[in-house]
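Participant: Numbering (our numbering), first residue to last: 8 to 137. Virtual Cβ for every residue (Gly too), placed ideally from N, Cα, C. These figures come from a predicted structure and were not determined experimentally.
Here it is in structure tokens:
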């Protein structure tokens, strides 16, 4: 079988175009791979940065929690102290109230005696004795 020179040229031309096409595809693929590798590198850097920020935020939250715990302890201590200070005053007030009620129970008798004595004295006597 003899091949036509024109057919050989046509086949070579098609073969060259085919190789060129594959070369472009390979070149585009290489560019895409390089771009993806750069993207992966950037994402890893961002991930590392975000991990550091997250660690920092965790430390800040721990500090804040410790401060809140301390504040709650101080509030409880203050509340206990206030309660202890109020209790003696309440006891004093109750004691004073009991004494006043006892005194008032005794006073009506004294008031009755005073009124009896006052009614026996004259006007000028009552005026100048006080």
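If we ignore side chains and look at the alpha-carbon of each, how far apart do residue 60 and residue 73 end up?
Facilitator: As a working note, residue 60 is residue 53 in the chain shown. As a working note, residue 73 is residue 66 in the chain shown. For the pair residue 60 and residue 73, the Cα-to-Cα distance works out to about 20 angstroms.
Participant: What did DSSP end up calling residue 11 once you bin it into helix, strand or coil?
Facilitator: What you label residue 11 is simply residue 4 of the chain shown in a count that begins at 1. Here residue 11 sits in coil by DSSP.
Participant: Alpha carbon to alpha carbon, how far is residue 83 from residue 89?
Facilitator: Stepping through the chain shown from its first residue, residue 83 is reached at position 76. Stepping through the chain shown from its first residue, residue 89 is reached at position 82. Going by the C-alpha atoms only, they are around 10 angstroms apart.
Participant: To which residues of the same chain is residue 36 closer than 8 angstroms at the C-beta, ignoring the five residues directly before and after it?
Facilitator: Stepping through the chain shown from its first residue, residue 36 is reached at position 29. None.
Participant: By Cβ distance, which residues of its chain are closer than 7 angstroms to residue 8, with the 5 residues on each side in sequence left out?
Facilitator: Along the chain shown, one-based indexing puts residue 8 at 1. Confidence at residue 8 is low in this model, with a pLDDT of 46, below 50, so the placement of that residue should be treated as unreliable; the coordinate-derived value is given next. Closer than 7 angstroms at Cβ, skipping near neighbours: no residue.
Participant: For residue 14, is the classification buried or exposed, using 16 other Cβ atoms within 10 angstroms of its Cβ as the cut-off for buried?
Facilitator: If you number the chain shown from 1, residue 14 lands on position 7. With fewer than 16 other Cβ atoms within 10 Å, it is exposed.
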